[in-house]
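Colleague:
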Amino acid sequence: MQAQAPLLLSASRRTDIPAFYTDWFLARLAKGWCACPNPFTRRLSLISFARTRFIVFWSKNPRPLLAALPHLQRRGLHCLVQYTLNDYEQEGFEHVPALPTRLETFRLLSQALGRKALIWRFDPLLLTDRLNEDMLLARIARLADSLGPYTEQLVFSFADIAGCRKARNNLQRSHIAWQEWTKTRMEDFAGRLSLMKHRHGWPFSLATCCEEIELGQFGIAHARCIDADRIVQLGLEDRELLQGMGVQLQTRAPLLPGLVSGGSLPEGAVELADGRYFVSVHRKDKGQRPHCGCMEAKDIGQYDTCPHLCAYCYANSAPSVVAGNWQKHTQAPLAATLSGDEPLP
Numbered sequence: 043m044q045a046q047a048p049l050l051l052s053a054s055r056r057t058d059i060p061a062f063y064t065d066w067f068l069a070r071l072a073k074g075w076c077a078c079p080n081p082f083t084r085r086l087s088l089i090s091f092a093r094t095r096f097i098v099f100w101s102k103n104p105r106p107l108l109a110a111l112p113h114l115q116r117r118g119l120h121c122l123v124q125y126t127l128n129d130y131e132q133e134g135f136e137h138v139p140a141l142p143t144r145l146e147t148f149r150l151l152s153q154a155l156g157r158k159a160l161i162w163r164f165d166p167l168l169l170t171d172r173l174n175e176d177m178l179l180a181r182i183a184r185l186a187d188s189l190g191p192y193t194e195q196l197v198f199s200f201a202d203i204a205g206c207r208k209a210r211n212n213l214q215r216s217h218i219a220w221q222e223w224t225k226t227r228m229e230d231f232a233g234r235l236s237l238m239k240h241r242h243g244w245p246f247s248l249a250t251c252c253e254e255i256e257l258g259q260f261g262i263a264h265a266r267c268i269d270a271d272r273i274v275q276l277g278l279e280d281r282e283l284l285q286g287m288g289v290q291l292q293t294r295a296p297l298l299p300g301l302v303s304g305g306s307l308p309e310g311a312v313e314l315a316d317g318r319y320f321v322s323v324h325r326k327d328k329g330q331r332p333h334c335g336c337m338e339a340k341d342i343g344q345y346d347t348c349p350h351l352c353a354y355c356y357a358n359s360a361p362s363v364v365a366g367n368w369q370k371h372t373q374a375p376l377a378a379t380l381s382g383d384e385p386l387p
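Put into structure tokens, the structure is as follows:
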């Protein structure tokens, strides 16, 4: 079988690989490849890690990843962690470690990777008959005061339950009476969150994930969770990564007597702290949702494999299906796929 050989990996939007499958991931790295089923056709494809230089991890409990970081660094792999750290403990929406433990993990990861490589997500923002905007803002504020020194960005999204069948079914199964966000409620929430950020002096930017609504008037951008510009800045000294992405580092022209700058930069230039710059090569992945800003990366995850079993989950169809896949994984924990399947020879 012919394998794909991506430069960038996503691990993963479809399940929590750091929380539950770190050992599997390290074992497959050692093998040099893994297999992944197509979410729609279920056909297995092979993914080779021969060219891989950068990994974007997505997790609600990346604690197991801490011990794996030295191994990744020895292999010359760079990473970025999208850490979803919500506060739904009172409601019991998520089966995750206690909040103090998750906060400690966030600090440890930031210290190991740096603020630029760790994104805080409060995602999704879920409204119910017992959880309103005031409560969500208060919880974000409590977390922000603790996490502010350890990240450069807070990414959030407004839960769209009506538009997601799996999330709707999971909430109904848990007897949770959700409410939909309206444009007015989104704008009001965004304005209040932006005001809180300035009042508290939180040292991170605000961005939405996969949202159509424009909130630039509140200083809130559209997130690019797999962002070419951030990836380049995290792997500046990796020639293979930059070459694979088509990036060339340039040096600004020296200052001339009587001039205050070394001339204008080309369109799309991203300035670096050391005086160099590069021209952005970020291009949206056409295979993602219309309002997703991510660039292309190969996702190696699999739906229906996340034992967090969050009440609002969009990636699991039913707990029984997850349990079946988890059992297959435990019986073949180092198989080519997360769920224990092996491709045909």
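This note's numbering applies: residue 43 is where the sequence shown begins, and numbers increase by one. Each residue gets a CB set at the ideal place from its N, CA and C atoms; glycine is no exception.
Examine the ligand FMN and report whether any of its heavy atoms sits within less than 8 Å of the Cβ of Leu178.
Modeller: Ligands displayed in this structure: none; no statement on the ligand FMN is therefore possible.
Colleague: Assuming Cys251 contacts Asp58 under a Cβ cut-off of 8 Å, what Cβ separation, rounded to an integer in Å, is found between them?
Modeller: So it is not a contact: roughly 17 Å between Cβ atoms.
Colleague: Going by other Cβ atoms of all chains shown within 10 Å of its Cβ, with 16 needed for buried, is Lys73 buried or exposed?
Modeller: exposed
Colleague: Taking only the alpha-carbon atoms, compute the straight-line gap between Val363 and Ala353 and give it to the nearest angstrom.
Modeller: If you take the alpha carbons of Val363 and Ala353, they lie about 15 Å apart.
Colleague: Buried or exposed: where does Asp346 fall if 16 or more other Cβ atoms within 10 Å of its Cβ makes it buried?
Modeller: Asp346 counts as buried, since no fewer than 16 other beta carbons sit within 10 angstroms of its beta carbon.
Colleague: What number of angstroms, rounded off, separates the C-alpha of Leu122 from the C-alpha of Arg93?
Modeller: 17 Å
Colleague: Less than 9 Å between the beta carbons of Leu1 and Asp341, yes or no?
Modeller: Because the chain here runs from 43 to 387, residue 1 falls outside it and cannot be looked at.
Colleague: For Gln195, count neighbouring C-beta atoms within 10 Å of its own C-beta (all shown protein chains included) and say buried if the count is 16 or more, exposed if not.
Modeller: buried
Colleague: Evaluate contact between the segment 210 to 230 and the segment 179 to 188, counting only Cβ atoms and requiring at least three cross-stretch pairs below 8 Å.
Modeller: no
Colleague: Within 8 Å, do at least three Cβ pairs link the segment 232 to 247 to the segment 106 to 126?
Modeller: No: the two stretches stay apart, fewer than three of their Cβ pairs being nearer than 8 Å.
Colleague: Is the segment 288 to 296 close to the segment 311 to 321, with three or more CB pairs under 8 Å?
Modeller: yes
Colleague: For Ser247, which residues of its own chain have a beta-carbon under 6 Å away from its beta-carbon, when the five flanking residues on both sides are left out?
Modeller: Gln195
Colleague: Determine the contact status of Glu133 and Arg172, defining contact as a CB-CB distance below 9 Å.
Modeller: Using a Cβ distance threshold of 9 Å, Glu133 and Arg172 count as a contacting pair.
Colleague: When you compare only the Cα positions, how much space is there between Ala360 and Phe91?
Modeller: Between the alpha carbons of Ala360 and Phe91 lies a gap of roughly 31 Å.
Colleague: Count the other CB atoms, across all protein chains shown, that sit within 10 Å of the CB of Leu237; report buried if there are 16 or more and exposed otherwise.
Modeller: exposed
Colleague: DSSP puts Arg163 in a beta bridge; with which residues?
Modeller: Beta bridge pairing from DSSP links Arg163 with Thr126 and Val197.
Colleague: Quick check on Leu376: buried or exposed, where buried means 16 or more other Cβ atoms within 10 Å of its Cβ?
Modeller: exposed
Colleague: Per DSSP, what kind of secondary structure is Asp271 in: helix, strand or coil?
Modeller: helix
Colleague: Pick helix, strand or coil for Pro52, following the three-state DSSP scheme.
Modeller: Pro is not the amino acid found at residue 52; the sequence shown has Ser there. The answer is strand: DSSP assigns Ser52 an E or B state.
Colleague: Please state whether DSSP places Lys73 in a helix, a strand or coil.
Modeller: helix
Colleague: Specify, as a first and last residue, the run of the beta strand (DSSP E) that Ile262 falls within.
Modeller: Ile262 to His264
Colleague: Does the distance from the C-beta atom of Ile119 to that of Phe99 stay below 9 Å?
Modeller: Reading off the sequence shown, one finds Leu at residue 119, where the question assumed Ile. Remark: C-beta atoms of Leu119 and Phe99 do not approach each other more closely than 9 Å.
Colleague: Verify whether the separation of the beta carbon atoms of Ile255 and Glu338 is less than 9 Å.
Modeller: no
Colleague: By alpha-carbon positions, which one of Gly382, Trp220, Pro245 and Pro191 ends up nearest to Ala204?
Modeller: For Ala204, the nearest C-alpha among the options comes from Trp220.
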